[in-house]
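Residue 23 is where the sequence shown starts when you use my numbering, and the numbers rise one by one after that. Virtual Cβ for every residue (Gly too), placed ideally from N, Cα, C. I have placed the structure first, in the form of structure tokens, so that the comments after it can refer back to it.
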Amino acid sequence: MAIPGTGLAKGLAVTLRTMTKRSVTDQYPDALPALPPRSRGVIALFEENCTVCMLCARECPDWCIYIDSHKETTPAAAPGGRERSRNVLDRFAIDFSLCMYCGICIEVCPFDALFWSPEFEYAETDILELTHERDKLRDWMWTVPAPPALDPAAEEPKEIAAARKAADKLIAAQAQAEAQAQAEAQAQTEARPQAPTAIDPAADPATEGPSAPGEGDS
Numbered sequence: 023m024a025i026p027g028t029g030l031a032k033g034l035a036v037t038l039r040t041m042t043k044r045s046v047t048d049q050y051p052d053a054l055p056a057l058p059p060r061s062r063g064v065i066a067l068f069e070e071n072c073t074v075c076m077l078c079a080r081e082c083p084d085w086c087i088y089i090d091s092h093k094e095t096t097p098a099a100a101p102g103g104r105e106r107s108r109n110v111l112d113r114f115a116i117d118f119s120l121c122m123y124c125g126i127c128i129e130v131c132p133f134d135a136l137f138w139s140p141e142f143e144y145a146e147t148d149i150l151e152l153t154h155e156r157d158k159l160r161d162w163m164w165t166v167p168a169p170p171a172l173d174p175a176a177e178e179p180k181e182i183a184a185a186r187k188a189a190d191k192l193i194a195a196q197a198q199a200e201a202q203a204q205a206e207a208q209a210q211t212e213a214r215p216q217a218p219t220a221i222d223p224a225a226d227p228a229t230e231g232p233s234a235p236g237e238g239d240s
């Protein structure tokens with residue numbers, strides 16, 4: 023059975039411990055706060071990776087992402103080929119007066135076009151200014167921190183392992199082809215008939231011409 027007043031005593035104990043500690047005040051904005059590495063400040067756009075799939079806008083629970091695009095026809099790469107159409111991004115805007123920073127848009131983007139930036143100093147006096155267009159979202163991209171380093175004890179990702187295996191096979195095939203080419207060249211050199219060596223007439227008596235008259239007569 024709980025003793026009456028136990029909760030009050032615990033609360034007063036916390037108050038007494040806090041009263042004896044010196045308060046710490048961050049001198050903002052003269053001293054910027056040390057933010058955690060995965061702080062959710064603002065959403066940055068890397069528009070080169072955006073394919074206008076509209077997945078981020080459809081999954082946003084606040085409907086604060088606005089995307090406009092148009093289609094362009096790309097001519098065939100080879101004669102007789104088929105023309106292709108692609109989506110071209112015209113507008114990408116996020117209304118941060120509605121955004122609740124859930125990060126769903128970043129998680130569902132299949133092409134890594136959206137990133138979290140730790141920047142948080144974008145307050146405005148007009149609520150309409152909190153709708154950031156793609157140019158401003160692209161500027162936030164330069165403030166995105168680099169991804170953390172991988173754990174040295176972690177297993178190698180499957181994608182990197184597959185790429186490394188393919189590269190090793192390619193290097194081995196090239197080395198084998200070079201060795202085979204060298205062996206074939208050496209075999210052709212050994213099978214080629216040797217040209218006869220020229221004989222010096224002065225060194226072989228059998229090749230000397232007839233002697234002059236009077237020579238050798240007794």
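Using a Cβ-Cβ cut-off of 6 angstroms (strictly less than) and excluding sequence neighbours within five positions of residue i, which residues of its own chain qualify?
{"i": "GLY63", "result": "SER139, PRO140, GLU141, PHE142"}
{"i": "MET163", "result": "ALA66, PHE68"}
{"i": "ASN71", "result": "PHE133, ASP134, ALA135"}
{"i": "ALA189", "result": "none"}
{"i": "THR165", "result": "SER139, GLU141"}
{"i": "GLY29", "result": "none"}
Report back the beta-carbon spacing between residue i and residue j to the nearest angstrom; my notes put them in contact at under 8 angstroms.
{"i": "CYS78", "j": "CYS121", "result": "No, CYS78 and CYS121 are not in contact; Cβ-Cβ is about 12 angstroms, not under 8 angstroms."}
{"i": "ILE126", "j": "CYS82", "result": "7 angstroms"}
So who's on the other strand from residue i, going by DSSP bridges?
{"i": "GLU94", "result": "ARG108"}
{"i": "TYR88", "result": "ALA115"}
{"i": "SER139", "result": "VAL64"}
{"i": "THR153", "result": "ASP117"}
Is the beta carbon of residue i less than 8 angstroms from the beta carbon of residue j?
{"i": "PRO167", "j": "PRO59", "result": "yes"}
{"i": "ILE89", "j": "ARG108", "result": "no"}
{"i": "ILE128", "j": "PHE137", "result": "yes"}
Short of 7 angstroms in beta carbon distance, which residues of its chain neighbour residue i, apart from the five on each side in sequence? Order them along the chain.
{"i": "CYS124", "result": "PRO83"}
{"i": "HIS92", "result": "VAL110, ASP112"}
{"i": "TYR144", "result": "VAL64"}
{"i": "ALA201", "result": "none"}
Short of 8 angstroms in beta carbon distance, which residues of its chain neighbour residue i, apart from the five on each side in sequence? Order them along the chain.
{"i": "THR96", "result": "GLU105, ARG106, SER107, ARG108"}
{"i": "PRO169", "result": "none"}
task: Would you be able to state if there are at least three C-beta pairs under 8 angstroms between the segment 116-133 and the segment 150-167?
output: yes
message: Contact between the segment 83-101 and the segment 43-57 is defined here as three or more beta-carbon pairs at a separation below 8 angstroms; is this criterion met?
response: no
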